[in-house]
Amino acid sequence: MAYDLEEQEQLESIKAWWKKHGNWITWVLIIVLGCYAVYAYWGYYQRKQTAQASQLYYEMQSAVLSGDSERALRVAKDTQEKFGGTAYAPMVTLVAARMAYEEKDADTAKSQLKWIVDNGKQDGYKAIARIRLAGILLDEKAYDEGMKLLSVSFPEPFASLAEDRKGDFLVAQNKLAEARIAYQTALEKALPDDPGKQLIQLKLEEIGVPSESKG
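Those letters in the sequence shown? Residues 906 to 1120, per the numbering used here, in order.
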């Protein structure tokens, strides 16, 4: 009988505790389970997105092989609209920009590169787009706009390319002292096996800075 009484007291204590805390615990469980469900769905959604985007990438390859720049542009825009958060979007957009530029359509090339700069999720692709877009702006003598594009911090593998392009802009404006600094910085930031180092050194020599080997 004493045992039954003790058990009853424990049961009442549990009921009282649950009455006080049960609602809060239930909401915590709902949140935890909800987060797990969202996480699981997001993983599935991302895998599905990547698989679908890869099909458009293969379609882009076909457009490149056939030299169909209009088709390439359609694929790029489709990928941007549907799968803009995947790595495939900047990949195909870079290709579309290159094909447009090769066909002397600088405006389309610029608009595609600007899309990557403004919407890309991967720093590497954004860096490439900035450098390529700056190159087109250099051809158009849009010096201020081009230098502004290059004024941001670049990931290490692209830092030398960005400084090199800055040097080109400065030479075009006859700012040779500043150009020397940019080219020298490009050399300093270049990776040890970067084949572009020789070209940068040639640019320095052209504006009056001899190579170290010449003393």
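C-beta: ideal position from N, C-alpha, C; glycine also.
What's the gap between the Cα of residue i and the Cα of residue j?
i        : j        : result
Leu-1043 : Val-1057 : 17 Å
Leu-1066 : Lys-1053 : 15 Å
Ala-968  : Ser-974  : 7 Å
Tyr-1048 : Asn-1079 : 12 Å
Pro-1060 : Ser-971  : 34 Å
Thr-1090 : Glu-1068 : 7 Å
Val-997  : Glu-1050 : 25 Å
Leu-1018 : Ala-1034 : 5 Å
Leu-999  : Asp-1012 : 14 Å
Ala-1077 : Glu-1045 : 11 Å
Ala-1087 : Leu-1075 : 8 Å
Lys-982  : Asp-1099 : 33 Å
Ala-992  : Pro-1062 : 18 Å
With a threshold of 7 Å on Cβ separation, who are the neighbours of residue i within its own chain once the five nearest residues in sequence on each side are excluded?
i        : result
Arg-1070 : Ile-1036, Ala-1039, Gly-1040, Leu-1055
Gly-990  : Lys-1026
Asp-1073 : Leu-1043
Lys-1015 : Leu-1038, Ile-1041
Arg-976  : Ala-968
Lys-1102 : Leu-1092, Ala-1095
Just to confirm my understanding: we take residue i, look at its own chain, exclude 5 residues before and 5 after, and list those with CB closer than 6 Å. What are they?
i        : result
Ile-930  : With a pLDDT of 48 at Ile-930, under the threshold of 50, the predicted position of this residue should be treated as unreliable, though the coordinate-derived value follows. The answer is none, since no qualifying residue turns up.
Asp-1028 : Pro-1060
Ala-1064 : Lys-1094
Quick one: is residue i buried, meaning 16 or more other Cβ sit within 10 Å of its Cβ, or exposed?
i        : result
Gln-960  : exposed
Tyr-963  : exposed
Gln-1106 : buried
Ala-1082 : exposed
Lys-1009 : exposed
Gln-985  : buried
Leu-1104 : exposed
Is residue i helix, strand or coil when you go by DSSP?
i        : result
Pro-995  : helix
Ala-973  : Contrary to the premise, residue 973 reads as Asp rather than Ala in this sequence. In this structure, Asp-973 counts as coil in the three-state DSSP scheme.
Gly-989  : coil
Gln-966  : helix
Phe-1059 : coil
Glu-1050 : helix
Asp-1069 : helix
Gln-1123 : Here the chain covers residues 906 to 1120 and nothing more, so residue 1123 does not appear.
Asp-983  : helix
Could you spell out where the alpha helix (DSSP H) holding residue i opens and where it closes?
i        : result
Gly-1040 : 1028-1044
Ala-1014 : 1011-1024
Gly-1101 : 1101-1111
Ala-1084 : 1081-1094
Within its chain, find whatever has a CB closer than 8 Å to the CB of residue i; leave out the 5 residues flanking it on each side and keep chain order.
i        : result
Lys-1031 : Pro-995, Ile-1021, Val-1022, Gly-1025
Val-980  : Leu-961, Glu-964, Met-965, Ala-968, Val-997, Ala-1001
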